[in-house]
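Count the sequence shown with my numbering and you get residues 480 to 699, in order.
We put the beta carbon where it would ideally sit given N, CA and C, even for glycine.
Working notes, structure below.
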Amino acid sequence: MKIKYLKPLKYLVWLGLFLTVMGISAGVVSGAWGTLPIGLIISGLVAIAGLVADFLGRMEDSVQPKFWSRRSTQSGTNALVGTLSILVILGLINFLAVQNSIRTDLTESQLFTLAPETQQVLRELKHPVKLYVFDERQNPQDRSLLENYQRQNPSKFSFDFVNPQDNPGLAEAFGIKNSGDNRDVYLEFQPTKRRQFLQSTSDTQRISENKLTSGIVQSS
Numbered sequence: 480m481k482i483k484y485l486k487p488l489k490y491l492v493w494l495g496l497f498l499t500v501m502g503i504s505a506g507v508v509s510g511a512w513g514t515l516p517i518g519l520i521i522s523g524l525v526a527i528a529g530l531v532a533d534f535l536g537r538m539e540d541s542v543q544p545k546f547w548s549r550r551s552t553q554s555g556t557n558a559l560v561g562t563l564s565i566l567v568i569l570g571l572i573n574f575l576a577v578q579n580s581i582r583t584d585l586t587e588s589q590l591f592t593l594a595p596e597t598q599q600v601l602r603e604l605k606h607p608v609k610l611y612v613f614d615e616r617q618n619p620q621d622r623s624l625l626e627n628y629q630r631q632n633p634s635k636f637s638f639d640f641v642n643p644q645d646n647p648g649l650a651e652a653f654g655i656k657n658s659g660d661n662r663d664v665y666l667e668f669q670p671t672k673r674r675q676f677l678q679s680t681s682d683t684q685r686i687s688e689n690k691l692t693s694g695i696v697q698s699s
């Protein structure tokens with residue numbers, strides 16, 4: 480029996496094994512056999528099956544099934560395996576990127592990077608802190624800053640933009656006195672529910688990292 484074997488296809492078995500192992504590992508670690516683990520396992524098995532199909536198609540044997548010897552079958556199988564492999568790899572990369580997001584600040588002044596002192600304060604928070612911004616509009620700059628705060632310690636720092644017109648009860652509870660362009664910002668500390676005025680914002684005055692971090696430190 481003589482076998483014509485296209486050498487690069489041997490790597491399909493390694494790709495198949497890799498995807499299968501990754502799928503099993505993802506399922507075991509997460510404890511949930513969702514779309515990603517099952518998809519990886521299926522893709523791995525398909526890759527291995529594709530190699531077997533190509534192997535059979537290249538066997539010069541009179542007893543081999545004619546189906547596998549057809550050039551169209553081989554080409555179709557290889558195309559299917561290649562497409563599935565690329566889709567799974569892209570999906571895995573996207574999944575890992577979402578689970579382990581890394582933000583890079585490329586601005587010259589590091590505009591979107593929190594100071595090391597702020598990062599340390601947030602990491603060392605002992606009790607949850609929530610920031611309330613009583614503004615009918617969500618300023619992108621303020622939201623970006625607060626998301627950076629929350630990213631340092633999601634379980635201990637949170638924030639909420641509140642429209643006083645839509646939630647007058649909460650605005651009254653905080654004693655909101657928005658006037659003109661000024662919008663009040665408050666900190667609330669758990670578990671005592673103690674509230675502390677932080678600052679007012681306007682079109683020219685946004686939430687200050689220094690004031691926010693100082694407010695957290697003074698009341699923690």
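Note down, in chain order, each residue of its chain lying with its Cβ closer than 6 Å to the Cβ of residue i, except the 5 sequence neighbours on either side.
i	result
residue 687	none
residue 612	640, 664
residue 692	597, 600
When DSSP labels each residue in this structure, what does residue i get in the three-state scheme?
i	result
residue 645	coil
residue 666	strand
residue 621	helix
residue 637	strand
residue 657	coil
residue 602	helix
residue 700	Limits of the chain in this structure are 480 at one end and 699 at the other, which puts residue 700 out of reach.
Cutting at 8 Å between CB atoms, please list the residues of its own chain near residue i, excluding the five before and the five after it.
i	result
residue 606	635, 668, 669, 670, 699
residue 500	523
residue 656	663
residue 685	618, 620, 621, 624
residue 661	679, 680, 681
Anyone know if the C-beta pair for residue i and residue j falls short of 8 Å?
i	j	result
residue 640	residue 614	yes
residue 649	residue 666	no
With 16 as the cutoff for other CB atoms within 10 Å, does residue i come out buried or exposed?
i	result
residue 600	buried
residue 707	Summary: the structure shown does not reach residue 707, with the chain confined to residues 480 through 699, and so no result is reported for it.
residue 659	exposed
residue 520	buried
residue 654	exposed
residue 696	exposed
For residue i, which residues of its own chain have a beta-carbon under 7 Å away from its beta-carbon, when the five flanking residues on both sides are left out?
i	result
residue 642	615
Taking residue i and residue j to be in contact with their CB atoms under 8 Å, please state how far apart those CB atoms are, rounded to whole angstroms.
i	j	result
residue 517	residue 495	With a Cβ gap of about 15 Å, residue 517 and residue 495 do not count as contacting.
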